[in-house]
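Novice: So the protein lines, in turn, are chains A and B.
Position one of the first sequence corresponds to residue 1 (our numbering), numbered consecutively onward.
Position one of the second sequence corresponds to residue 1001 (our numbering), numbered consecutively onward.
Ideal placement from N, C-alpha and C gives every residue a C-beta, glycine not left out.
Number of protein chains: 2
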Amino acid sequence: MKNVTIHEIARALKIDSSTVSRALNNSDRVKESTKKLILKKAEELGYRRNVLASNLRKRKGNTIGVVIPRVSRHFFSSAIAGIEKVAQEAGFNVIISQSLEQFDREERIVENLISNRVDGILISVSMETKKADHLANCIKNGIPFVFFDRHLEGFPESGRVIIDDNFGGFTATEHLINKGCKRIAHFSGPQDLHVYKNRLEGYKKALAKHNLAYSSDTPSRLTEADGTLLAKKILKDFKDIDGAFFANDISAIAAMKYLKKAGIRIPEDIAIVGFSNEPMSEVIEPSLTTIDQSGEIIGKKACELLIDNIAKGNRVFNNEAVVFEPKLIERDSTKK
Amino acid sequence: MKNVTIHEIARALKIDSSTVSRALNNSDRVKESTKKLILKKAEELGYRRNVLASNLRKRKGNTIGVVIPRVSRHFFSSAIAGIEKVAQEAGFNVIISQSLEQFDREERIVENLISNRVDGILISVSMETKKADHLANCIKNGIPFVFFDRHLEGFPESGRVIIDDNFGGFTATEHLINKGCKRIAHFSGPQDLHVYKNRLEGYKKALAKHNLAYSSDTPSRLTEADGTLLAKKILKDFKDIDGAFFANDISAIAAMKYLKKAGIRIPEDIAIVGFSNEPMSEVIEPSLTTIDQSGEIIGKKACELLIDNIAKGNRVFNNEAVVFEPKLIERDSTKK
DNA sequence: TTGTAGGCGTTATCAA
DNA sequence: TTGATAACGCCTACAA
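1. Of all the CB atoms in chain B, is at least one closer than 9 Å to the CB of residue 330 of chain A?
2. Out of curiosity, what's the CA-to-CA distance linking residue 279 of chain A and residue 1280 of chain B?
3. Taking a cut of 8 Å between CB atoms, which residues from the segment 1031–1056 of chain B lie near chain A?
4. Since I believe residue 1109 of chain B is in contact with residue 1097 of chain B (beta carbons under 8 Å), could you give me their beta-carbon distance rounded to a whole number of angstroms?
5. Go ahead and pull the three-state DSSP assignment for residue 1097 of chain B.
6. What is the C-beta distance between residue 1241 of chain B and residue 1183 of chain B, in whole angstroms, given that I count them as a contact (C-beta under 8 Å)?
7. For the segment 111–137 of chain A, which residues have a CB atom closer than 7 Å to at least one CB atom of chain B, in sequence order?
8. Using the DSSP secondary-structure output, state which residues sit across from residue 245 of chain A in a beta bridge.
9. Just to confirm the assignment, what range does the beta strand (DSSP E) spanning residue 324 of chain A have?
10. Going by beta-carbon coordinates alone, are residue 166 of chain A and residue 201 of chain A separated by less than 9 Å?
11. Residues of chain B with a CB under 9 Å from the CB of residue 140 of chain A: which are they?
12. Kindly indicate which three-state DSSP category residue 1193 of chain B falls into: helix, strand or coil?
13. Can you round the beta-carbon distance between residue 1120 of chain B and residue 1145 of chain B to whole angstroms, since I take them to be within the 8 Å contact cut?
14. Look at residue 1286 of chain B and residue 1327 of chain B and say whether their C-beta atoms are less than 9 Å apart.
15. Beta carbons nearer than 7 Å to chain B: which residues of the segment 90–109 of chain A have them?
16. On the DSSP letters alone, give me the boundaries of the beta strand (DSSP E) that residue 263 of chain A sits inside.
17. Are any of the Cβ atoms in chain B nearer than 9 Å to that of residue 257 of chain A?
18. Helix, strand or coil for residue 1171 of chain B? Go by DSSP, reduced to three states.
19. At 7 Å on the CB atoms, spell out the chain A contacts of residue 1163 of chain B, in chain order.
20. Looking at residue 116 of chain A and residue 1115 of chain B, is the spacing between their C-beta atoms short of 9 Å?
21. Would a check of beta-carbon distances place residue 71 of chain A closer than 9 Å to chain B?
22. Which residue comes first and which comes last in the beta strand (DSSP E) that contains residue 1067 of chain B?
23. Exposed or buried, residue 218 of chain A, counting other C-beta atoms within 10 Å across all chains shown (16 or more means buried)?
24. Using a Cβ-Cβ distance cut-off of 9 Å, determine whether residue 1078 of chain B contacts chain A.
25. Tell me, please, whether the CB atom of residue 283 of chain A is closer than 9 Å to any CB atom in chain B?
26. Since residue 146 of chain A sits in a beta bridge, which residues does DSSP pair it with?
27. The alpha helix (DSSP H) with residue 1307 of chain B in it runs from where to where?
28. Would you say residue 1293 of chain B touches the ligand FMN, meaning its beta carbon is less than 8 Å from a heavy atom?
29. State yes or no: is the C-beta of residue 156 of chain A within less than 9 Å of the C-beta of residue 309 of chain A?
30. How long is the line joining the alpha carbons of residue 1105 of chain B and residue 206 of chain A, rounded to whole angstroms?
31. Given this structure, state the Cα-to-Cα distance separating residue 330 of chain A from residue 113 of chain A, to the nearest angstrom.
32. What is the rounded straight-line gap between the Cα of residue 150 of chain A and the Cα of residue 1100 of chain B?
33. Report all residues from its chain with a CB closer than 7 Å to the CB of residue 250 of chain A; omit the five preceding and five following residues, and keep chain order.
34. Between which two residues does the beta strand (DSSP E) containing residue 1290 of chain B stretch?
35. Can you pull the chain A neighbours of residue 1253 of chain B, defined as C-beta to C-beta under 7 Å?
36. So, at 8 Å on beta carbons, what are the nonlocal neighbours of residue 270 of chain A in its own chain, with the 5 sequence-adjacent residues on each side left out?
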């Protein structure tokens, strides 16, 4: 399986490979006529630049690594869409990997990206991530990264693009209050992640503002199974609530399914608000009131910031914290 | 930003870099004691193998490229899960790219993968894909690929892992017939793709078997918007149908939403069957009867086949066509 | 068990 | 405008 190289083109044309290289890179230091000749011969021989060799020589590969919990979550797949758009325009390739919410997977992925000499990393950390040695490694290796959505503290070098989860939690909760709910429960996620901690804070703030009692369960991982479990708990331990704010849609929807089967009327008995605006939330009945995070915009912005930092050649990092304001999407699960 | 190389380790230890290389590759042709020494020094210096250089030298990169229409479709994200599992065990990296159903994107992606010298490609083609020059290019460059789900004809070199869409279409349609439907419409996808053509064939076969009349619309791309459009057409041109088989869940669900608003009762007025078993199909009311494609199993099998072919060093390709039988998931949208 | 030497395919620097 | 040469970092015959 012989691969055509610049040397073969050079040999065929009886010129030097360095000239071929220049021509293929469209340098202006090569005569137009020979350039044409070279391009033609390259086409003819089916030449294809060996990106590995080129990157090795240039010590960079024009590649951005993206690390997310899972591609199947709507927020993340929209973020990817935004990232790819920006990256492509700037001539970067994108490598996507999913941690599946597992810290060890996340570690391996980041190690791998470093080893592959990516130019930068966009990351939304897993639910298990508490330490950040793997990210410290990036810095050590001169690879800039930008957090989006789920971030960690302690990285003055790196930017982050997030939403105001505190505001989101506050808005969700106050919406329930405005609808007349008096006993509102909140079901949160891992508190090591700011997104969940802040949603909880926002919830508390809204309660405090309106002088209502606090009623929250221990945080879960907010999977579908967790949602079902939480619904059972509601029927057992939170029997008197009239409103519930779930920290994501997946758990909220699973809970709704269970509660409906148990004869609880939504929103009459319990009004419900989710978080993320998964496509499913529009489909379930009653449709689920939720908070939209506009993943595509966040992805775009994060990618811009990263490319900016890559361009800066990691001298002075742009460690901006861009914060978007999430939007309440009012639907039937709170329509009283 | 100095990167630690094997040479620096060698210099620090006053030995040759080739010994270092051997030690780092855990060769048994280096004394245990020096190996220990080298590993320790490597750790100490924060050495990290330059995968680019290593791959260049070895002329292969232990990487599999995956090309799919979109990550946000349940079938594809489950397929990815299966692929990653198998790939990881075999020590391969996985690069995921989405064509977004656009042929030119798909072409670019494949070109890119070839340029990056991936060891093999797993692909499920876009709805726009009719030609396959880009894949012929893979063969020409000695890169094996395996189709999964959406495949093309004319590649005797490459295997494929698919489901029996004909059977799926037949099963879906006969299910409607068994439920008492007499006038069943089918809404298909691009006929260049075998999956949709075969689902249509299966539909026809079931009708023929039961002596029922055929009633199908021109194929669409089966997006959400298409689903809404199809629902409008049903109200206008297919007013008398009592059953509908959609070639995917996304369009079926969009249609259901519209029909419900228009006062059509499901399944009483029209029974509906989708295809793919998207998570949403379980959530909508009535829950949607559909055909499950078991993405993870397909992904796994496809990846195994590919790795098999990679191992064969593209001498004799395993061009097996593995066909899985899809399963009907009966839900409320056909419960008469 | 270790060292020597050369090359994977490109690109950058210098000289012509 | 072109050519010669070295280097990017690693691996692997071959020799010692």
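Specialist: The structure says:
1. At a cut-off of 9 Å between beta carbons, residue 330 of chain A makes no contact with chain B.
2. Straight-line Cα distance between these residues: approximately 8 Å.
3. Residues 1046, 1048, 1049, 1050, 1051, 1052, 1053, 1055, 1056.
4. With a Cβ gap of about 4 Å, residue 1097 of chain B and residue 1109 of chain B count as contacting.
5. The answer is strand: DSSP assigns residue 1097 of chain B an E or B state.
6. Beta-carbon to beta-carbon, residue 1241 of chain B and residue 1183 of chain B are separated by about 5 Å, close enough to satisfy the 8 Å threshold.
7. The residues in question are 112, 114, 115, 116, 117.
8. In the DSSP assignment, the residues bridged to residue 245 of chain A are A/186, A/273.
9. In this chain, the beta strand (DSSP E) harbouring residue 324 of chain A covers 321–324.
10. In contact: residue 166 of chain A and residue 201 of chain A (Cβ atoms closer than 9 Å).
11. Result: 1046.
12. For residue 1193 of chain B, the three-state secondary structure derived from DSSP is coil.
13. Contact flag correct, Cβ pair sits at about 6 Å.
14. No. Outside cutoff.
15. So the list reads 93, 95, 96, given in the order they occur along the chain.
16. Unbroken run through residue 263 of chain A: none, as it is neither H nor E.
17. Contacts with chain B at 9 Å (Cβ-Cβ) include residue 257 of chain A.
18. Note: residue 1171 of chain B maps to helix in three-state DSSP.
19. Here the premise fails: no neighbours, minimum Cβ distance about 20 Å.
20. Not closer than 9 Å, so no.
21. Taking Cβ atoms only, chain B reaches closer than 9 Å to residue 71 of chain A, which makes this a yes.
22. First-last of the beta strand (DSSP E) with residue 1067 of chain B: 1063–1068.
23. Classification for residue 218 of chain A: exposed.
24. Chain A contact via Cβ: present.
25. Judged by the 9 Å Cβ criterion, residue 283 of chain A is in contact with chain B.
26. DSSP, once it has assigned bridges, lists A/122 as partnering residue 146 of chain A.
27. Element bounds for residue 1307 of chain B: 1295–1311.
28. This structure lacks the ligand FMN; in fact it carries no ligand of any kind.
29. Their beta carbons are not under 9 Å apart, which means residue 156 of chain A does not touch residue 309 of chain A by this criterion.
30. Those two C-alpha atoms are separated by around 47 Å.
31. Those two C-alpha atoms are separated by around 40 Å.
32. Each residue's alpha carbon lies about 26 Å from the other.
33. Closer than 7 Å at the Cβ level, and outside the excluded window around residue 250 of chain A, lie 222, 223, 224, 227, 278.
34. Run containing residue 1290 of chain B: 1290–1292, per the beta strand (DSSP E) assignment.
35. In chain order: 283.
36. Contacts found: 234, 241, 242, 243, 244, 259, 264.
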